[in-house]
Every structure is written in C-alpha cells, then in structure tokens.
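The block underneath contains the structure these notes are about, expressed in structure tokens.
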Ligand code: E4P
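Residue numbers (this note's numbering): 1054 to 1270.
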C-alpha cells in the first residue's frame, strides 16, 4: 500500500518524507486555505520535496475552464497530478488530461458507480471519501470494498486512493480490503507507529541494558 499525506503543510511533508514514509501528497482547496499559501508556490515546493504524485485540484466546474486550470497546474512540475471533481465535466476533463499523459485523481467519490465512471474515464486514482461516508451513518469501508471488487472484475488499472481517513483503523481496514493508496493526515500517519506494548517493551530493554553497564561500539 502506498502512503500519501493529506496536507499542504510543507514542514509536515518535509519531515514525513525524511522518514521515508511518503509516496505522494494530496491537497485540496480547503487544505490550501488552512496552509494560508498561494497554490502555485506551495505546490511547487511540495513537488520539489516529494518524489511521487502531488495532487492539485482544479476549482472550475465547467470543462473548458477546468482544462485551462489543469494546464496551469501541470506547468508547475512533472509530478503534479491533476485533481478533478466527480462530475460529468470532471470526467470529460479526466479523459482529456490522461490522454495527454498526465496523471488525474478523481475526487469526491461517494458511490461505486461514480468510481466505475472514473475508471472508464481513465483516472489514475479514484478518491472515495471514507470519513465523510461514515458521517452519514453508512460504513465508508463498504464503498472501498465495492470499488475493489468492481475494479478487479474488469481489471481496471485506476488505483483506489482511500481518502478522508480519520483514524488508524481506517488505514488498517483500507489495507485489508486492498486499497492501493491511503492518503492520511499527518497526525494519523504518525499515530500508525504507536503501540503501548512497544513503548513498554522498549522501556524494559533500555532499563536492563543500563544494568549491564555495556556500550555498543
Ligand atoms: C482527499 O484527497 C481529500 O483531500 C481528503 O482526504 C478529504 O478529507 P476530509 O474529509 O477530512 O476533508
């Protein structure tokens, strides 16, 4: 499973990348707002740090304007992955952009049929929003599972990018189902390493080691 980080915070991205944990980054207009940065500048900075796809989202809703914005975003760096919304215009743009050889992430997916359409439009990634589905009282993981089955049935190459992840359990469940990628907020990504028995075990080892009076090297 690939790990993307879901943020436009360059400091977080740099730190996580140095840990060797990152395969890519996703941003969206809300994350750009939160970072308080200019989209072109921050996307360029992120693309220079991470050796993998960096999703930057168009904000137009009409096809030709989406294509104009996509061209502007694509000029920022070779690893910019154009994010388009799951609408008819977005799907049309997806088809056009991927046929030019640029990766596309189709975002705001809330149904298996939407994911089917995105795959048919040649999407590189489909982003089902697990947490937001959970918020409606429906299990978001069911959506990942349905998409996995459909993509496997027809051998679609579109990668399932589990998005709107809120908990470490979301990451585990998405991995068990076979999502190709999880885009995870920085704090949740760091929390994946935590286990009380790891902390307790390490404490014990260090205490016993101190009693030996030895040093390595
Ligand atoms: C995905 O690419 C989106 O940026 C993101 O996962 C949305 O998550 P949210 O529901 O926490 O805003």
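Every residue, glycine too, gets a C-beta built ideally from N, C-alpha and C.
It should be emphasised that the depicted structure is a prediction, and the values quoted were computed from it without experimental measurement.
Helix, strand or coil: which one does DSSP assign to residue i?
i            : result
residue 1091 : coil
residue 1079 : strand
residue 1059 : strand
residue 1220 : coil
residue 1197 : helix
residue 1113 : coil
residue 1132 : coil
residue 1099 : helix
residue 1209 : coil
residue 1106 : coil
residue 1191 : coil
residue 1085 : helix
residue 1269 : coil
residue 1152 : helix
residue 1145 : helix
residue 1247 : coil
residue 1072 : coil
Quick check on residue i: buried or exposed, where buried means 16 or more other Cβ atoms within 10 Å of its Cβ?
i            : result
residue 1228 : exposed
residue 1135 : buried
residue 1086 : exposed
residue 1110 : buried
residue 1062 : buried
residue 1156 : buried
residue 1072 : exposed
residue 1260 : exposed
residue 1159 : buried
residue 1152 : exposed
residue 1186 : buried
residue 1133 : buried
residue 1204 : buried
residue 1038 : One cannot answer for residue 1038 here, as it falls past the ends of the chain, which runs 1054 to 1270.
residue 1178 : buried
residue 1202 : exposed
For residue i, which residues does DSSP report across the bridge?
i            : result
residue 1163 : Paired residues: none, contrary to the question.
residue 1236 : 1057
residue 1214 : 1234
residue 1137 : 1159
residue 1182 : 1216
Just to confirm my understanding: we take residue i, look at its own chain, exclude 5 residues before and 5 after, and list those with CB closer than 6 Å. What are they?
i            : result
residue 1216 : 1180, 1182 and 1236
residue 1168 : 1162, 1179 and 1200
residue 1232 : 1197, 1213 and 1215
residue 1194 : 1226
Who are the near neighbours of residue i in its chain, counting only those whose CB is closer than 8 Å to its CB and skipping five residues on each side?
i            : result
residue 1218 : 1059, 1183, 1184, 1224, 1227, 1235, 1236, 1237, 1238 and 1241
residue 1112 : 1082 and 1122
residue 1099 : 1061, 1063, 1066, 1078, 1080 and 1107
residue 1176 : 1147, 1151, 1157, 1158, 1159 and 1211
residue 1070 : 1102 and 1103
Please list, in chain order, all residues of the same chain as residue i whose beta carbon is under 7 Å from its beta carbon, the five residues on each side excluded.
i            : result
residue 1093 : 1129
residue 1245 : 1221 and 1224
residue 1056 : 1074, 1075, 1076, 1235, 1237 and 1242
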